[in-house]
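Once you know that position 145 of the sequence shown is 151 in this note's numbering, the rest is easy, because the numbers rise by one and skip nothing.
Just so it is clear, CB atoms sit at the ideal spot from N, CA and C, and this is done for glycine as well.
Reviewing the structure listed below.
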Amino acid sequence: MSDALIPALAAFSDRLASLGALGAARTVAVHGRDGRARSGLLWAEGLVVTAEEALERDDELTLTLPDGREVTASLIGRDPGTDVALLRAETGPLPGLETAPAEALAAGHLVIAIGRDEHGPLVAYGAAAQVAGPWRSMRGGRLERRIQLGLRLDPACEGGAVLDHAGRLVGMAVPGPRRRALAIPAETIARSVGHIQRHGRVARGYVGLALQPVRAEGLRGLIVVGIDPKSPAGQAGLMLGDVLAAWDGVPLGSVREMLARLDPESVGTEVVLDLLRGGEQRRVTLRIGERAAA
Numbered sequence: 007m008s009d010a011l012i013p014a015l016a017a018f019s020d021r022l023a024s025l026g027a028l029g030a031a032r033t034v035a036v037h038g039r040d041g042r043a044r045s046g047l048l049w050a051e052g053l054v055v056t057a058e059e060a061l062e063r064d065d066e067l068t069l070t071l072p073d074g075r076e077v078t079a080s081l082i083g084r085d086p087g088t089d090v091a092l093l094r095a096e097t098g099p100l101p102g103l104e105t106a107p108a109e110a111l112a113a114g115h116l117v118i119a120i121g122r123d124e125h126g127p128l129v130a131y132g133a134a135a136q137v138a139g140p141w142r143s144m145r146g147g148r149l150e151r152r153i154q155l156g157l158r159l160d161p162a163c164e165g166g167a168v169l170d171h172a173g174r175l176v177g178m179a180v181p182g183p184r185r186r187a188l189a190i191p192a193e194t195i196a197r198s199v200g201h202i203q204r205h206g207r208v209a210r211g212y213v214g215l216a217l218q219p220v221r222a223e224g225l226r227g228l229i230v231v232g233i234d235p236k237s238p239a240g241q242a243g244l245m246l247g248d249v250l251a252a253w254d255g256v257p258l259g260s261v262r263e264m265l266a267r268l269d270p271e272s273v274g275t276e277v278v279l280d281l282l283r284g285g286e287q288r289r290v291t292l293r294i295g296e297r298a299a300a
């Protein structure tokens, strides 16, 4: 290595270390009775965000704070769709942390993920491998951006902070499909936290149908294989064997597409379903209900 490169490499290394320290000051270790290691993000004084999917149990939660103190935590609510869980704990005052503007991150930009386990902070860096527009999670949640991280995410870092090169919060680190690492965008977290604080959970739409994909008379659709008679679908007159072909004129090809439409904003709205019943085309209007809390 050329001696001329050593100062630049040292400066880069020092910058990564300072970013790691900045993120570590807002990252906690989350301990539960299940024994699984995970991280959490100090969102605001008294509030901690962590990955909902990693939080297998709600009881006996404790946090290891950046100063080493252990405090108890309680669950305020969950949003499985966006993988956000909100905890309450005596965190004390927090150091400032600016949120990165959405337009400031592009594929190729440097990002750093910070988590914490029983030994201390965990840090990994890489590039933003992909930054794309709005998308739906596998569990039907709406996320403002798809941010894929070009780094290896330690399992204990799930729920930790993701920062950009300027030390601004990009989002929360979570594992994705095919061993990819993703970041739940900060703006998605803020929206879910707002819902949870107001309602204790994030409401999901409910129609009361069990469905399976099917092809009927050359069309792809969803066949009704189960129905709750007291649900919006039952009250609207849907029947076993009906094949749902379209939702407000948009074709339905998978159960996931149907679930994606049952987001919090759908509750209380009306939808027109085009369906086939005994070979005849029909149209049914129903009002989407709210799924009961688990």
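DSSP places Glu-296 in the strand class (E or B) of the three-state scheme.
The residue from Thr-291, Arg-207, Ala-167, Val-180 with its alpha-carbon nearest to that of Leu-25 is Ala-167. Annotation: Arg-262 to Glu-276 spans about 19 Å, alpha carbon to alpha carbon. According to the DSSP assignment, Ala-252 belongs to the beta strand (DSSP E) that extends over 249-253. Residue burial is scored here from C-beta neighbours: Val-249 has at least 16 other C-beta atoms within 10 angstroms and is therefore classed as buried. Contact check between the region 137-147 and the region 44-55: fewer than three CB pairs, one atom from each, fall below 8 Å, which does not count as touching.
A direct Cα-to-Cα measurement between Val-290 and Gln-136 gives close to 40 Å.
When DSSP states are grouped into helix, strand and coil, Pro-219 belongs to the strand group. Annotation for Leu-265: the continuous alpha helix (DSSP H) segment containing it runs 261-266. Non-local C-beta neighbours of Asp-280 in its own chain, meaning closer than 6 Å and more than five positions away in sequence, comprise Ala-251, Ala-252, Arg-289, ordered along the chain. The three-state reading of DSSP puts Val-180 in strand, counting E and B together.
For Leu-225, the CB contacts under 6 Å within the same chain, skipping 5 residues up- and downstream, are Ala-251 in chain order. Pairing Asp-254 with Val-278, the inter-Cα distance amounts to about 5 Å.
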